[in-house]
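Count the sequence shown with UniProt numbering and you get residues 1 to 178, in order.
Here the structure is laid out as structure tokens; the discussion comes afterwards.
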Amino acid sequence: MKQAQEEVRAVARRTGKVIHEIHLQHLHFIKSIIKEAMRLHPTVPLLVPRESMDDWIIDGYKIPPKTRLLINTYAIGRDPSSWDNPLQFNPNRFQDSNIDLKDKDFRFLPFGGGRRGCPGYTFGLATVEIALARLLFHFDWELPYGIHTDDVDIDEIFRLASRKRTPLILVPTVNEGL
Numbered sequence: 001m002k003q004a005q006e007e008v009r010a011v012a013r014r015t016g017k018v019i020h021e022i023h024l025q026h027l028h029f030i031k032s033i034i035k036e037a038m039r040l041h042p043t044v045p046l047l048v049p050r051e052s053m054d055d056w057i058i059d060g061y062k063i064p065p066k067t068r069l070l071i072n073t074y075a076i077g078r079d080p081s082s083w084d085n086p087l088q089f090n091p092n093r094f095q096d097s098n099i100d101l102k103d104k105d106f107r108f109l110p111f112g113g114g115r116r117g118c119p120g121y122t123f124g125l126a127t128v129e130i131a132l133a134r135l136l137f138h139f140d141w142e143l144p145y146g147i148h149t150d151d152v153d154i155d156e157i158f159r160l161a162s163r164k165r166t167p168l169i170l171v172p173t174v175n176e177g178l
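Here's what the structure looks like:
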């Protein structure tokens, strides 16, 4: 988190101490953190069902026409054949990477792809980026007294949209040095 805060605060100091959408292009590590969070914990673990139009054979499985297919983004994001240490949260894997948020790289589909990809992808992503940047700019964050990182429950509840089983509680401290 320190590295992300330093990046945000450095950009904010140069641009007038307020983060706006125009500044997001300079927040490379923030973008990597968001990509990594979406890889490990996709908002929608199963994409909208698709239907095959032709016969296909994928990894030895025959898929006849008119078969409904579900794309499991949760499993794709944790696939060891696509990701080194797939269960480890490592935003650096996206630094200097050409892995795109759109449908150009099928190892990473947080917004779906093709004609059925999320139409609000640009707005949604900018909203998350600016919210995270502003929270990291204005506050220092820590776990409540007596709670250690190993004690944090990261289990999820899977439904149409997944969420944490146990809410994460953080203690904000206003950053007076800004």
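Even glycine gets a Cβ: it sits at the ideal position worked out from N, Cα and C.
Quick caveat: nothing in here was measured; it's all calculated off a predicted structure.
- Task: Please classify D140: does DSSP put it in a helix, a strand, or coil?
- Result: Within the sequence shown, residue 140 is the residue found at index 140, counting from 1. In the structure shown, D140 sits in a strand (DSSP, three-state: E or B).
- Task: Excluding the 5 residues preceding and the 5 following P65 in the sequence, name in chain order all residues of the same chain whose CB lies nearer than 8 Å to its CB.
- Result: Reading the sequence shown from its first residue, position 65 is the one you call residue 65. Excluding residues up to 5 positions away in sequence, S52, M53, D54, D55 lie with their Cβ nearer than 8 Å to the Cβ of P65 in the same chain.
- Message: Here's a check: name, in chain order, each residue in its chain whose Cβ is nearer than 7 Å to the Cβ of I169, leaving out the five neighbours to either side.
- Response: Counted from its first residue, the sequence shown places residue 169 at position 169. When the five nearest sequence neighbours on each side are left out, the beta carbons in the same chain lying within less than 7 Å of the beta carbon of I169 are those of P144, in order along the chain.
- Message: Quick check: what's the CA-CA separation for L27 versus H20?
- Response: One-based indexing of the sequence shown puts residue 27 at position 27. One-based indexing of the sequence shown puts residue 20 at position 20. Those two C-alpha atoms are separated by around 11 Å.
- Message: Short of 7 Å in beta carbon distance, which residues of its chain neighbour H23, apart from the five on each side in sequence? Order them along the chain.
- Response: In the sequence shown, the residue the question calls residue 23 occupies position 23. V11, T15.
- Task: Kindly list the residues whose CB is nearer than 7 Å to the CB of A161, restricted to its own chain and excluding five residues on each side of it in sequence; keep chain order.
- Result: Counted from its first residue, the sequence shown places residue 161 at position 161. Within its own chain, the residues whose Cβ lies closer than 7 Å to the Cβ of A161, once the five positions on either side in sequence are excluded, are T43, V44, listed in chain order.
- If we count the other Cβ atoms within 10 Å of its Cβ and call it buried at 16 or more, is Q5 buried or exposed? Position 5 of the sequence shown, counted from the first residue, corresponds to residue 5. Residue burial annotation: Q5 is buried, with at least 16 other C-beta atoms found within 10 angstroms of its C-beta.
- Leaving out five residues before and five after F89 in sequence, what residues of the same chain have Cβ atoms less than 7 Å from its Cβ? Translated into the one-based positions of the sequence shown, residue 89 becomes position 89. E36, L40, listed in sequence order.
- Message: Using only the alpha-carbon positions, how far apart do K17 and F137 sit?
- Response: Here residue 17 corresponds to residue number 17 of the sequence shown, with the count starting at 1. Here residue 137 corresponds to residue number 137 of the sequence shown, with the count starting at 1. Looking at the two C-alpha atoms, the distance is approximately 9 Å.
- Message: Which residue wins for smallest C-alpha separation from T127, given the options G117, K62, K31?
- Response: As a position in the sequence shown, residue 127 is number 127, starting the count at 1. With distances taken between CA atoms, T127 lies nearest to K31 out of G117, K62, K31.
- Query: What number of angstroms, rounded off, separates the C-alpha of E176 from the C-alpha of M38?
  - Reply: Here residue 176 is taken as the residue at index 176 of the sequence shown, counted from 1. Here residue 38 is taken as the residue at index 38 of the sequence shown, counted from 1. Distance between the alpha carbons of E176 and M38: 31 Å.
- Item | Simplified DSSP state of E51, which is helix, strand or coil | The residue given as residue 51 occupies position 51 in the sequence shown. Strand at E51.
- Buried or exposed (CB count within 10 angstroms, at least 16 for buried), V171: The sequence position of residue 171 within the sequence shown is 171, counting from 1. Classification for V171: exposed.
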